[in-house]
Amino acid sequence: MKAVDQFVNECEAAVRDILASMGAPADTKIVKEIPDNADLAIPCFTFAKALKMAPVAIAEKIASELKVPCGLISGVTPLNGYLNFTISNDALITDLLEEVVEKGADFGKSAPTGIRVNVEHTSTNPTGPVHVGRARNPIIGDTLARCLKMRGHEVTTEYYVNDVGKQVVMMSWAVANVTPEEVQKEIEETEKADYRDKVDHRLVYNYRVANKKVFQVPEMEAEIAEILRKFEAGDQATIDHVKKVAETMLGGINETLAAINVTLDRYTWESTFIANGAAKDVVRRLQNTPYSGTTDDGASFVDLKDFGIHGKNTKFTFTRADGTTLYTTRDLAYHEDKFSRADRVIDVLGEDQKLGSQQLCAALEIMGRKEKPEALFYAFVSLPEGRMSTRKGVVVYLDDLIEEAIARAYEEIKKRRSDLSEERMQAIAKAVGVGAVRYNIVRVGADKQLIFKWEDALSFDGNSGPYLQYVHARACSLLRKAGEFEWDTDGSKLTDEYEIKLAKALSRFEGVLKDIDESKRVNMMPAYGHDVAAAFNQFYAAVPVLQAGASRNARITLVQATKVILKNVLDCLGIEAPEEM
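Each residue of the sequence shown is one higher than the one before, starting from 203 at the first, in our numbering.
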């Protein structure tokens, strides 16, 4: 928003002028923060060394010399070494409403930047359904991509399909060799058997049987190794069979992703970098560096001790003893491919990939690459009783969670809205159930552990997706009741404390998107959405809208602004914005 940008610039310029008069260097860094008790805060701690004064004294002196009102600055208060600034309410609200009227649904969207951003997410091995433990990956990745698109970037989302590794080969072996009788026995022995008629659910039992048999049948290990060898040697029949099984499983995974409003723009197959020679080129280049070495059994590695990697992890192996490449080798080729297509490369990775990501960046540097991927790590979701495991069958699948969420949402809607048709109730239940799942998983910071609890995921009150959807529907209902009205963007007509609080919350949308762009902390979006929803509910309860006399149209315009911004927040979160609930 223009008013917000102008206000921030005016605060910085005013502080810089006074600092200069106090003898501070012209290049003194000014840090800006958004506090709870003001519209902008500037901490004075960074000025203390240059001015040889205590931060509290600096803040008091600057506040005493800054004459307000000044431009859009309506007030400044020193507090514990901070300068707390407030903006002119009239100017802020007028600018907000004018921009909403001008841009409509495009409010908050930035002009095209021309920056190409690649967001790789999900990339789960096609060996079974997506479970809740890994559900953060697609939801975080998709939410980030949506926010970056709002920032005007050219965003491509991408899934890196592992069709080469041992797990996928074992799955292909299981499909060809595990008998229906063995599958049925495995289903009967699994405590919570999943009879869902969906390909990734059906074939996971083949995989579990194979995973058990590999420890019981010594010949099977050699057979799996031979399949891997044939694959890397380019045996077409082997490649076709493994890829067909991977594609089949991927089809089931994509059904699950589509159910939570996640779609991907591109799929890159790991085997591509074997077929096109890129993996072998990586091997050649690494072997020609001074960091290259060979183990006693003939495997090739590069030593990373000069690149910040320490201990037993300094040796980054990129070929086996027989010369075949590893996942790490192909990952290097894959990242070079991504760098050729994007200006920013973002990898959404589980926290267990931190070392691997560091090693990858070091190896890229050895290869002469200046570009580095931006890693967004997330902590895994666990159950109250512990971690999930697909192999052991101790798991809650994302399909189960989605189905349960929609069922619970349907029961809530049926109790409250018996006037709706069955078809309409089902549609709203789907939107609300999926919204509950997505919001609950993304609302916690990616680096924080998330213990999955049904009662939290499916909450329809407070800090939840359904709460945001409900407030959006309430704004829509109010606008329907208002009927025809004339836009009124005069901020001087909105002086109630709850009107001002709501307008200030709405005005932060662009700033939140900017912060997410810079930090990749997507949990800022649900937190912001909750702030807007709470502010609107307070406004709704305290301020009459339809019977507001001279302020009626201005208040209705503020409601319209809330509807637009909440819908855009929900869009960023991949959540539908129903107009009735």
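Glycine included, every Cβ here is placed at the ideal spot set by N, Cα and C.
For residue 774, name the three-state secondary structure that DSSP assigns.
Sequence index remark: in the sequence shown, residue 774 carries index 572 (1-based). Residue 774: helix per DSSP, three-state reduction.
Are at least three pairs of beta-carbons, each pair with one atom in the region 664-676 and one in the region 691-702, less than 8 angstroms apart?
no
Taking its Cβ as the centre, do 16 or more other Cβ atoms sit within 10 Å of residue 502, making it buried, or is it exposed?
Along the sequence shown, one-based indexing puts residue 502 at 300. Looking at its Cβ environment, which holds 16 or more other Cβ atoms inside 10 Å, residue 502 is buried.
To the nearest angstrom, report how far apart residue 451 and residue 342 are at their CA atoms.
The residue given as residue 451 occupies position 249 in the sequence shown. The residue given as residue 342 occupies position 140 in the sequence shown. C-alpha separation (whole angstroms): 22 angstroms.
Around the Cβ of residue 592, are there at least 16 other Cβ atoms within 10 angstroms (buried) or fewer (exposed)?
In the sequence shown, residue 592 corresponds to position 390, counting from 1. Residue placement at residue 592 is flagged as unreliable, the pLDDT there being 46, under the threshold of 50; the coordinate-derived value follows with that caveat. Counting Cβ neighbours within 10 Å, residue 592 comes out buried, since at least 16 surround it.
Output the distance between the C-alpha atoms of residue 783 and residue 401, rounded to the nearest integer angstrom.
As a working mapping, residue 783 is identified with position 581 in the sequence shown. As a working mapping, residue 401 is identified with position 199 in the sequence shown. If I take the Cα positions, the gap works out to 34 angstroms.
Is residue 488 near residue 520, with beta carbons less than 9 angstroms apart?
Here residue 488 refers to the residue found at position 286 of the sequence shown. Here residue 520 refers to the residue found at position 318 of the sequence shown. Yes, the Cβ-Cβ distance between residue 488 and residue 520 is below 9 angstroms.
Which same chain residues, not among the five before or five after residue 612, have their C-beta less than 8 angstroms away from its C-beta?
Sequence index remark: in the sequence shown, residue 612 carries index 410 (1-based). Only 627, 628, 631, 635 meet the Cβ criterion.
Where residue 543 falls: helix, strand or coil (DSSP)
Counting from 1 along the sequence shown, the entry for residue 543 is found at position 341. Reduced to three states, the DSSP call for residue 543 is coil.
Which residues in the same chain have their Cβ closer than 7 angstroms to the Cβ of residue 637, if we skip the five residues on either side of it in sequence?
Residue numbering aside, residue 637 sits at position 435 when the sequence shown is read from its first letter. Cβ within range, chain order: 667, 668, 671, 777, 778.
Please classify residue 533 as buried or exposed, where buried requires at least 16 other C-beta atoms within 10 Å of its C-beta.
As a first step, residue 533 is located in the sequence shown; it is residue number 331 there, counting from the start. It counts as buried.
Unbroken stretches of the alpha helix (DSSP H), 4 residues or longer, contained in the region 431-469
438-461
What is the C-beta distance between residue 284 and residue 243, in whole angstroms, given that I count them as a contact (C-beta under 8 angstroms)?
Working through the sequence shown from its first residue, we reach residue 284 at position 82. Working through the sequence shown from its first residue, we reach residue 243 at position 41. Correct: roughly 5 angstroms between the Cβ atoms.
State yes or no: is the C-beta of residue 240 within less than 9 angstroms of the C-beta of residue 298?
Start at 1 with the first residue of the sequence shown, and residue 240 comes out as number 38. Start at 1 with the first residue of the sequence shown, and residue 298 comes out as number 96. Their beta carbons are not under 9 angstroms apart, which means residue 240 does not touch residue 298 by this criterion.
Report all residues from its chain with a CB closer than 8 angstroms to the CB of residue 429; omit the five preceding and five following residues, and keep chain order.
In the sequence shown, counting from the first residue as 1, residue 429 sits at position 227. Around residue 429: 371, 374, 375, 440, 444.
Using only CA atoms, which one of 555, 731, 357, 408 lies nearest to residue 318?
Translated into the one-based positions of the sequence shown, residue 318 becomes position 116. The shortest Cα separation from residue 318 among 555, 731, 357, 408 belongs to 357.
Determine whether the beta carbon atoms of residue 434 and residue 462 lie at a separation below 9 angstroms.
Your numbering for residue 434 matches position 232 in the sequence shown. Your numbering for residue 462 matches position 260 in the sequence shown. Their beta carbons are not under 9 angstroms apart, which means residue 434 does not touch residue 462 by this criterion.
Which one of 760, 540, 388 has the shortest CA to CA distance from residue 362?
If you number the sequence shown from 1, residue 362 lands on position 160. Out of 760, 540, 388, 540 has the C-alpha closest to the C-alpha of residue 362.
Any idea which residues DSSP pairs residue 685 with across the strands?
The residue you call residue 685 lines up with position 483 of the sequence shown. Residue 685 is not bridged to any residue.
Look at the alpha carbon of residue 290 and the alpha carbon of residue 350, and state the distance between them as a whole number of angstroms.
In the sequence shown, counting from the first residue as 1, residue 290 sits at position 88. In the sequence shown, counting from the first residue as 1, residue 350 sits at position 148. Going by the C-alpha atoms only, they are around 30 angstroms apart.
Taking only three categories from DSSP, how would you classify residue 327?
Along the sequence shown, one-based indexing puts residue 327 at 125. In the structure shown, residue 327 sits in coil (DSSP, three-state: anything other than H, G, I, E or B).
Quick check on the burial criterion: 16 or more other C-beta atoms within 10 angstroms. Buried or exposed for residue 355?
Taking the sequence shown and counting its residues from 1, one reaches residue 355 at position 153. Residue 355 is buried by the Cβ-count criterion.
Return the residue from the list 500, 436, 645, 543 that minimises the CA-CA distance to residue 470.
Counted from its first residue, the sequence shown places residue 470 at position 268. The shortest C-alpha separation from residue 470 is found at 543.
Could I get the ranges of all uninterrupted alpha helix (DSSP H) runs contained in the region 722-770, with 4 residues as the minimum, in chain order?
726-744
Applying the 10 Å Cβ sphere with the 16-neighbour rule, what's the burial state of residue 478?
On the sequence shown, residue 478 is found 276 positions in, with the first residue counted as 1. It is exposed - the Cβ of residue 478 has fewer than 16 other Cβ atoms within 10 Å.
Burial state of residue 314, where buried means 16 or more other Cβ atoms lie within 10 Å
Within the sequence shown, numbered from 1, the residue matching residue 314 stands at position 112. Residue 314 comes out exposed.
Rounded straight-line distance, which links the Cα of residue 733 to that of residue 702
Sequence index remark: in the sequence shown, residue 702 carries index 500 (1-based). Sequence index remark: in the sequence shown, residue 733 carries index 531 (1-based). Rounded to whole angstroms, the separation of the alpha carbons of residue 733 and residue 702 is 14 angstroms.
Within the same chain, show all residues whose beta-carbon is closer than 8 angstroms to that of residue 340, passing over the 5 residues directly before and after it, in chain order.
For the purposes of this step, residue 340 is taken as residue 138 along the sequence shown, with counting starting at 1. Result list for residue 340: 323, 324, 332, 459, 462, 464, in chain order.
Alpha carbon to alpha carbon, how far is residue 442 from residue 528?
In the sequence shown, the residue the question calls residue 442 occupies position 240. In the sequence shown, the residue the question calls residue 528 occupies position 326. Each residue's Cα considered, the two are about 20 angstroms apart.
On the three-state DSSP scale, how would you describe residue 320?
The residue labelled residue 320 in the question sits at position 118 within the sequence shown. DSSP places residue 320 in strand when its eight states are reduced to three.
Pairs of beta-carbons, one from the region 704-716 and one from the region 759-766, closer than 8 angstroms: are there three or more?
yes
Where does the unbroken alpha helix (DSSP H) through residue 700 begin, and where does it stop?
Position 498 of the sequence shown, counted from the first residue, corresponds to residue 700. Taken as a continuous stretch (DSSP letters only), the alpha helix (DSSP H) holding residue 700 covers 699-709.
So, helix, strand or coil for residue 236, using DSSP?
Locating residue 236 in the sequence shown gives position 34, counting from the first residue. Residue 236: coil per DSSP, three-state reduction.
Cβ distance (whole Å) where residue 600 is taken to contact residue 337 below 8 angstroms:
In the sequence shown, the residue the question calls residue 600 occupies position 398. In the sequence shown, the residue the question calls residue 337 occupies position 135. About 5 angstroms; that satisfies the 8 angstroms criterion.
From what residue to what residue does the beta strand (DSSP E) around residue 243 run?
Along the sequence shown, read from residue 1 onward, the residue named residue 243 stands at position 41. From DSSP, the beta strand (DSSP E) with residue 243 extends over 242-245.
What residue ranges within the region 372-406 form continuous alpha helix (DSSP H) runs of no fewer than 4 residues, ordered along the chain?
Counting only runs of 4 or more, we get 382-391.
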